[in-house]
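Enquirer: So the protein lines, in turn, are chains A and B. Each residue of the first sequence is one higher than the one before, counting from 1 in full-length UniProt numbering. Each residue of the second sequence is one higher than the one before, counting from 1 in full-length UniProt numbering. All C-beta atoms in this analysis are idealised placements derived from N, C-alpha and C, irrespective of residue type, glycine included. As the structure is a computational prediction, the values presented were derived from the model and not from experiment. First, the structure itself, so that you have it in front of you.
There are 2 protein chains.
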Amino acid sequence: MLKKERHDIVMRQINLHNRVLTSDLVQLLDVSEDTIRRDLQELSDQNLLYKVHGGALSKSYHSTFDDSTVYAKEAKIIIAKKTIPLIKDGMVILTGGGTTIIELVKQLPENLQATFFTISPLVAVELAKYPKVEVILIGGLFSKNSQITYGGHVINQLAEINADLCLLGTSALHPKDGLTDTDWEINQLKKRMLSSSRKSAVLCISEKLNISLRLKVTALENISYLITELSPADVKLEEYHVNGLKLL
Amino acid sequence: MLKKERHDIVMRQINLHNRVLTSDLVQLLDVSEDTIRRDLQELSDQNLLYKVHGGALSKSYHSTFDDSTVYAKEAKIIIAKKTIPLIKDGMVILTGGGTTIIELVKQLPENLQATFFTISPLVAVELAKYPKVEVILIGGLFSKNSQITYGGHVINQLAEINADLCLLGTSALHPKDGLTDTDWEINQLKKRMLSSSRKSAVLCISEKLNISLRLKVTALENISYLITELSPADVKLEEYHVNGLKLL
DNA sequence: ATATTAGTTGCAAAAAGCCGCATAAACCCG
DNA sequence: CGGGTTTATGCGGCTTTTTGCAACTAATAT
């Protein structure tokens, strides 16, 4: 392995995850810690990354958005890791927005080969870091609150899509009322996304369970997978064991 | 074995694998290390590959991660400030992507009331911070390099838009050749953007002046405003005083 | 506060590279 | 054709780069 190649790989990791651990790189590149440290030192000298105890950070991750403030990040990472196995090479995937989905994207395998449709610009930017992933951003009116595109134009385009899997973050989930929301437009959007997709996965941190909002998107039965940070056997999930819904 | 033959073989290996090791080439070509080194040196002098300790890398593969810390930021802020007066309440504006445009967006007046169409997710996210601005993100294939949407779908949507002003960042500008570019798709895109808009402003840091790339987007005459960080009276801009083009 | 983990510095061995020189083949030209 | 010139290649010695190890220090965690 040439030194420059290692440097490139390190930079790729950094751009992908905004951070690298020395120990991870030792495994990944199969060289001694000293070599990794020297690599990081050199890249740092070239102002390409920010070296810290234990690894290094991206110099410019403020460009997209600051993820140190992501709420319940640990839980979201657990959810992301559980979701990965659902995603396989060759699939066509439709995603919504939100920090949970972004965490998921950051955990995707490096060489995933898939097509992603998304209504979230930030998700698109994250996805673009994967060389073999095709990203299609669905355009339309841009919502200032939820940072996704919405409105008739988006719905129309969604109608033309036939995805294998739809990944949704959640505002609220309830055993009886299913997936619910507060905003009429977003509600329409989610309905359309679900029907444009063969299967669907709802990513939901546990504190959003057992909440029900004004507008119903769909019943639990119409969701394929529910992914939380809890074990499927957890008592909090007891009421969610319904037909057709697989808990992860 | 002729030298030229060796060079060809080396280049084929490079294009195939993106890398070659000196030691591999010694075996493959059955010559001394010194000869291989001289070969690589010569090919490197001709800018055909990137020489490193231990071998060489493909020039295209060798990713240029550099200046993620926005390059020539000062100049870009000056340009942004000069551009602001062109933007008035009620206008419909079409923008491209790039760091110059993002700087511009950051300098917009807080209470601007306008409609923006953009092909850049990052610009959309920035624009969303202005409460009275309506943002429409034009969707389509997402380009990993330039971080904008492109392709037929984008062109089609642009065709339906009638904007007052089109704001473009620049890859290269030349007094004779006008606005030029290297990528065919991006080229088409810019052409379409210009014709979907009544007026157009090109934002261009001075070091990109007098450079001409392979593909022509449009002549200087078809641009309404050229905005650089220089004074309009600067000698470097002498050749840009043409009919219909206003320097700022 | 102490154990653990990460980092630093200096050193040595191996690998790669560089420089000058010698040789031989190819070329040039009257 | 023949002498001078250029070009291509390999060799030997010397330098630089890269890497891992060991001893020691600094930072972090329990």
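Quick one: give me the first and last residue of the alpha helix (DSSP H) that R6 of chain A is part of.
Expert: 3–17
Enquirer: Alpha helix (DSSP H) containing G231 of chain B: first to last residue?
Expert: Just to set this straight, residue 231 of chain B is Ser in the shown sequence, not Gly. Taken as a continuous stretch (DSSP letters only), S231 of chain B belongs to no alpha helix (DSSP H), as it is neither H nor E.
Enquirer: So which residues on chain A does K144 of chain B lean against when the C-beta distance must stay under 7 Å?
Expert: A128
Enquirer: At a CB-CB cut-off below 8 Å, which residues of chain A make contact with T149 of chain B?
Expert: Per Cβ cutoff of 8 Å: L137, G139.
Enquirer: Take every Cβ of the stretch 180–192 of chain B, pair it with every Cβ of the stretch 88–95 of chain B, and state whether three or more of those distances are shorter than 8 Å.
Expert: no
Enquirer: In the DSSP assignment, the alpha helix (DSSP H) including R198 of chain A goes from what residue to what residue?
Expert: First-last for R198 of chain A: 197–203, but that is the beta strand (DSSP E), not the alpha helix (DSSP H).
Enquirer: Mark T182 of chain B as exposed unless 16 or more other C-beta atoms lie within 10 angstroms of its C-beta, in which case mark it buried.
Expert: exposed
Enquirer: Between G54 of chain B and chain A, is any beta-carbon pair separated by less than 8 Å?
Expert: yes
Enquirer: Within 8 Å of any Cβ in chain B, is that where the Cβ of Q157 of chain A sits?
Expert: yes
Enquirer: Taking 8 Å as the threshold (C-beta atoms), are L248 of chain A and C204 of chain A in contact?
Expert: no
Enquirer: Under 8 Å, do I138 of chain B and E229 of chain B count as touching if we go by C-beta distance?
Expert: no
Enquirer: Check whether the stretch 225–239 of chain A and the stretch 15–28 of chain B are in contact - that is, three or more C-beta pairs closer than 8 Å.
Expert: no
Enquirer: Helix, strand or coil: which one does DSSP assign to H241 of chain B?
Expert: coil
Enquirer: List, in order along the chain, the chain B residues whose C-beta lies closer than 9 Å to that of V92 of chain A?
Expert: Ordered by position in chain B, no residue passes the 9 Å Cβ test against V92 of chain A, which lies about 14 Å from the chain.
Enquirer: Start and end of the alpha helix (DSSP H) containing G152 of chain B?
Expert: 152–159
Enquirer: List the residues of chain B that K3 of chain A touches, going by C-beta distances under 9 Å, in chain order.
Expert: By Cβ distance, chain B contributes V52, H53, G54.
Enquirer: Is V125 of chain A close to chain B? Criterion is C-beta to C-beta, closer than 8 Å.
Expert: yes
Enquirer: Consider the Cβ of L122 of chain A: report whether some Cβ of chain B lies at a distance smaller than 8 Å.
Expert: yes
Enquirer: Ordered along the chain, which non-local residues of its own chain (more than five positions away) have a Cβ less than 6 Å from that of R214 of chain B?
Expert: The answer, listed in chain order, is T182.
Enquirer: Report yes if the C-beta distance between L141 of chain A and V135 of chain A is below 8 Å; otherwise report no.
Expert: no
Enquirer: If we count the other Cβ atoms within 10 Å of its Cβ and call it buried at 16 or more, is L2 of chain B buried or exposed?
Expert: With fewer than 16 Cβ atoms within 10 Å of its Cβ, L2 of chain B is classed as exposed.
Enquirer: Helix, strand or coil: how does DSSP classify A75 of chain B here?
Expert: helix
Enquirer: Could you tell me the boundaries of the beta strand (DSSP E) in which A124 of chain B lies?
Expert: Unbroken run through A124 of chain B is the alpha helix (DSSP H), 121–127; no beta strand (DSSP E).
Enquirer: With 16 other CB atoms within 10 Å as the buried threshold, where does D34 of chain A fall?
Expert: exposed
Enquirer: Name the chain A residues whose beta carbon is nearer than 8 Å to that of R19 of chain B?
Expert: The answer, in chain order, is L2, E5.
Enquirer: How long is the line joining the alpha carbons of G169 of chain B and D234 of chain A, rounded to whole angstroms?
Expert: 54 Å
Enquirer: Residues bridged to E134 of chain A by DSSP?
Expert: In DSSP, E134 of chain A forms a bridge with A:T115.
Enquirer: S224 of chain A and K208 of chain A: beta carbons closer than 8 Å?
Expert: no
Enquirer: Using DSSP with H/G/I as helix, E/B as strand and the rest coil, what is I84 of chain B?
Expert: helix
Enquirer: Any Cβ of chain A within less than 8 Å of the Cβ of L57 of chain B?
Expert: yes
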